[in-house]
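Trainee: The opening residue of the sequence shown carries number 211 in our numbering; numbering runs sequentially from there. C-beta atoms are modelled at their ideal positions from N, C-alpha and C, and glycine is treated no differently. This one's a predicted model, so the numbers in the text were calculated from it and none came from an experiment.
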Amino acid sequence: MAAEPGTARPHRKYRRGTVALALCVATLILGAAGGTFLVAPQLKTAEQAAADALPPPARPVTASVEQRVLTEETVLRGIISSGDSTPVVPSAALAATSPVITAVPVTAGSSISPGTTVLEANGEPVFAMDWNFAPYRNITGGSRGPDVVQLQNTLADLGYATSLSGVLDPLTQSGLSMFYTDRGYTAPVAGTDNALAASGSGAKISGTVVPDVVADPETSAPSSGGASLPAASVVLIPSGLHTVTQVLPGVGSYLAEPAQPLLRLNAGANIAVAVLDAGTAATYAAGDEAVLTDSRDDTEHPLEVSSVGTEPMEVPGVGNGIKVVFSFSGTAPAPTPEGSTLLIRVTLAGDPEPVVAVPVTALYARSDGTSFVTVAADPQAGTDSLDVTVTPGRDIGGWVAIAAENAESLPVGSIVVVGMTHEQ
211 MAAEPGTARP HRKYRRGTVA LALCVATLIL GAAGGTFLVA PQLKTAEQAA ADALPPPARP
271 VTASVEQRVL TEETVLRGII SSGDSTPVVP SAALAATSPV ITAVPVTAGS SISPGTTVLE
331 ANGEPVFAMD WNFAPYRNIT GGSRGPDVVQ LQNTLADLGY ATSLSGVLDP LTQSGLSMFY
391 TDRGYTAPVA GTDNALAASG SGAKISGTVV PDVVADPETS APSSGGASLP AASVVLIPSG
451 LHTVTQVLPG VGSYLAEPAQ PLLRLNAGAN IAVAVLDAGT AATYAAGDEA VLTDSRDDTE
511 HPLEVSSVGT EPMEVPGVGN GIKVVFSFSG TAPAPTPEGS TLLIRVTLAG DPEPVVAVPV
571 TALYARSDGT SFVTVAADPQ AGTDSLDVTV TPGRDIGGWV AIAAENAESL PVGSIVVVGM
631 THEQ
C-alpha cells in the first residue's frame, strides 16, 4: 500500500542517525589513539632523561707521524753593535804632560790604521802606530835604536823615503817630514839626542834601557837638526785596519792617567744583537740561519745565531730579555746609531734533513720524566691503543722531532692521539 504524500519514513531517519553516531565514535577513538602515539614518545623515566643529558662519549683526535724538515720563521728587531773592543791608551810620555785634548778627528765608525791621526794634544798630532812598544824617548836627528827601526819600518810600509839603518838619518827625516805634511802638520824640529826636551839624553820613559842598534856610518850620517818624532805623539794599536767604536775624551778634557782610554777599537767583527722572551729563546740554537734587513741602504745580510743567553738581562738598545747574538756570514754593516733598530728574520731549523716528528700536542710526560706518544686504537685492525716511549728533540713550528725507543712500534704514518673531543 503506497504511502501518502508528505508522510515521513521513520526507519530511514533512524538508520542515518545510527551511521552518524558511529562515525563520531570512530573519530574519537582514532583521535585518542593518535594522541597516545604522539605523547608516548615524550614520556621518559628520570634515568632516561639524565642519560640523554650527558655529552656524547669522548673520542680521540688524531694526527699522523710525519717525516718532515722542521722550519719556522720568526721576526724580531735588533741592533748592530761592535764586537769585543780593545782600548787605546796614551803613552806614558803623553800622559806625563797632562795635555789638553784640542781636537779629535776620528769618530765612532772611523777606520784607523798605522799612521792615522787619532787626536791632537796641546795642538800637536798624536798618531796611531802598530809598534811592539811605545817610544821611550823623543826620536831626533842622530837617534839610533829599536824605536828608530820601528819608525823606519812604518815609513817604508806607508811608502815614504827612509833607510833601514836604525838611525834617524837625513833620508829618514825627509820621509818623516813628508809623513807630517800629508796629514796637515809640520814635523817638529829638535836638536840632537843630547838635547831632548822631554826626557833628556839616555832617559828611558818606560824604565827599560834598550841598547842602541849599531848603524853603518857610511850610510847613516847623524843629523843634529831636521824632522823629529816626540815620544808623546804616538799611541799603540794592534796591527791592521780597525774601526773606532767609541771616542772617550772630549775636546777640552785633560789627560793625566796612562790607563785612561782614548779610544775603543773593535777587536772582532760587528755583531747583531736582539732579545727574546724565555719561551721563544728556548726554540733558538746556535747555527740557526737569519737575515738582517738594513733599512739604511735597503740591503740584506745573512746571519747565523752565535749564542743564546740563559737568563734575562738588560741589553742596551734592545731592552730586557734573553740575549741572542748573531754573527754575519759576510761583511758586517756599520753599527746602528743609538735609538734605531733593524729587522731580523730568523729561520729556526732543527736539522736540514727530514726528521720523524709529531705535533707537540701528541707528546705526553710521565711522572718519572720520560715522554711518550699514544698510538690510537684501530677497531678495524683489532688493535688497542699503545703508549710508545720517545725522546723528544727540537720543538719548531708546533712540531717536535722524536726518536722512538722502539722504532718498529712507531713507523712514519702511524696515527697518534693528540687530544680528546666530545663532538659528534
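Check whether the segment 453-460 and the segment 311-329 touch, using three or more Cβ-Cβ pairs below 8 Å as the test.
Mentor: They touch, by the three-pair rule.
Trainee: Does DSSP put P512 in a helix, in a strand, or in coil?
Mentor: Strand.
Trainee: Out of E282, G592, A273, A302, which one is the CA nearest neighbour of Q470?
Mentor: Ranking E282, G592, A273, A302 by Cα distance to Q470 puts A302 first.
Trainee: Is the Cβ-Cβ distance between L439 and L374 less than 8 Å?
Mentor: Taking 8 Å as the Cβ cut-off, L439 and L374 do not qualify as a contacting pair.
Trainee: Quick one: what does DSSP say Q470 is sitting in, helix, strand or coil?
Mentor: Coil at Q470, not helix or strand.
Trainee: By DSSP's criteria, W609 is part of a beta bridge. Which residues make up the other side?
Mentor: P569, I606.
Trainee: If we count the other Cβ atoms within 10 Å of its Cβ and call it buried at 16 or more, is Q383 buried or exposed?
Mentor: So Q383 ends up on the buried side.
Trainee: Comparing C-alpha positions only, which one of T272, S308, S295 sits nearest to E193?
Mentor: Within the shown structure, residues of the chain are numbered from 211 to 634, placing residue 193 beyond reach of any answer.
Trainee: Going straight from the alpha carbon of E615 to that of Q277, what length do you get?
Mentor: When rounded, the distance between both Cα atoms is 17 Å.
Trainee: Might you give, ordered along the chain, the residues of its own chain that have their beta carbon closer than 7 Å to the beta carbon of T631, omitting 5 neighbours on each side?
Mentor: Counting only Cβ-Cβ distances below 7 Å, and skipping sequence neighbours, we find A268, R269, V271.
Trainee: Leaving aside the five residues before and after L304 along the sequence, list all residues of the same chain whose C-beta is less than 6 Å from its C-beta, in chain order.
Mentor: A442.
Trainee: Check whether the Cβ atoms of E510 and G497 lie closer than 8 Å to each other.
Mentor: In this structure, G497 does not lie closer than 8 Å to E510 by Cβ.
Trainee: Between which two residues does the alpha helix (DSSP H) holding D357 run?
Mentor: 356-367 is the extent of the alpha helix (DSSP H) around D357.
Trainee: At what residues does the beta strand (DSSP E) containing T382 begin and finish?
Mentor: Run containing T382: none in the beta strand (DSSP E); it sits in the alpha helix (DSSP H), 380-392.
Trainee: Going by DSSP, what residue range makes up the alpha helix (DSSP H) through G489?
Mentor: 488-491 is the extent of the alpha helix (DSSP H) around G489.
Trainee: Less than 8 Å between the beta carbons of V444 and P345, yes or no?
Mentor: Yes, these two residues count as a Cβ contact at 8 Å.
Trainee: Which residue comes first and which comes last in the alpha helix (DSSP H) that contains A305?
Mentor: 302-306 is the extent of the alpha helix (DSSP H) around A305.
Trainee: Where does S619 sit, in a helix, a strand or coil, going by DSSP?
Mentor: Three-state result, S619: helix.
Trainee: Rounding to the nearest angstrom, what Cα-Cα distance links S624 and R474 in this structure?
Mentor: For S624 and R474, the distance between alpha carbons rounds to 60 Å.
Trainee: Pull up the distance between the alpha-carbon of D426 and that of D504, whole angstroms please.
Mentor: Note on D426: pLDDT 44, under 50, position unreliable in the model; the coordinate value appears next. In a straight line, the C-alpha of D426 is about 58 Å away from that of D504.
Trainee: For P564, which of T281, L329, D508 has the nearest alpha-carbon?
Mentor: Comparing Cα-Cα distances from P564 to each of T281, L329, D508, the minimum goes to T281.
Trainee: Compute the Euclidean distance between the alpha carbons of G540 and V600, then round it to the nearest angstrom.
Mentor: Approximately 40 Å, taken between the alpha carbons.
Trainee: What are the start and end residues of each continuous beta strand (DSSP E) run of 3 or more residues lying completely inside the segment 538-563, in chain order?
Mentor: If we require 3 residues or more, the beta strand (DSSP E) runs fully inside the segment 538-563 come out as 552-559.
Trainee: With DSSP run on the structure shown, which of helix, strand or coil describes Q277?
Mentor: Correct three-state label for Q277: strand.
Trainee: Starting from the Cα of E499, find the closest Cα among P562, Y464, E548 and give me that residue.
Mentor: Of the listed residues, the one whose Cα sits closest to E499 is P562.
Trainee: Within 10 angstroms of its Cβ, does A617 collect 16 or more other Cβ (buried), or is it exposed?
Mentor: So A617 ends up on the exposed side.
Trainee: Quick one: is R354 buried, meaning 16 or more other Cβ sit within 10 Å of its Cβ, or exposed?
Mentor: Buried is the call here.
Trainee: Which class does E521 belong to by DSSP, given the choice of helix, strand or coil?
Mentor: In this structure, E521 counts as coil in the three-state DSSP scheme.
Trainee: Compare the C-alpha of R347 against each of Q258, L378, G603, P589 and name the closest.
Mentor: The option with the nearest alpha carbon to R347 is L378.
Trainee: Secondary structure at V420, three-state DSSP: helix, strand or coil?
Mentor: Because V420 carries a pLDDT of 33, less than 50, the predicted location of this residue cannot be relied on, and no value is offered for it.
Trainee: On the DSSP bridge list, what partners appear for N476?
Mentor: According to DSSP, N476 bridges with S295.
Trainee: Quick one, are the C-beta atoms of G333 and T312 less than 8 Å apart?
Mentor: The answer is yes: Cβ separation under 8 Å.
Trainee: To the nearest angstrom, report how far apart G351 and S295 are at their CA atoms.
Mentor: Roughly 37 Å separates the two Cα atoms.
Trainee: Count the other CB atoms, across all protein chains shown, that sit within 10 Å of the CB of T557; report buried if there are 16 or more and exposed otherwise.
Mentor: Classification of T557: exposed, given that the 10 Å Cβ count is below 16.
Trainee: Do the CB positions of I532 and A495 come within less than 8 Å of each other?
Mentor: Cβ atoms of I532 and A495: not closer than 8 Å.
Trainee: Report the CB separation of L465 from A331 in whole angstroms; it is logged as a contact under 8 Å.
Mentor: Correct: roughly 7 Å between the Cβ atoms.
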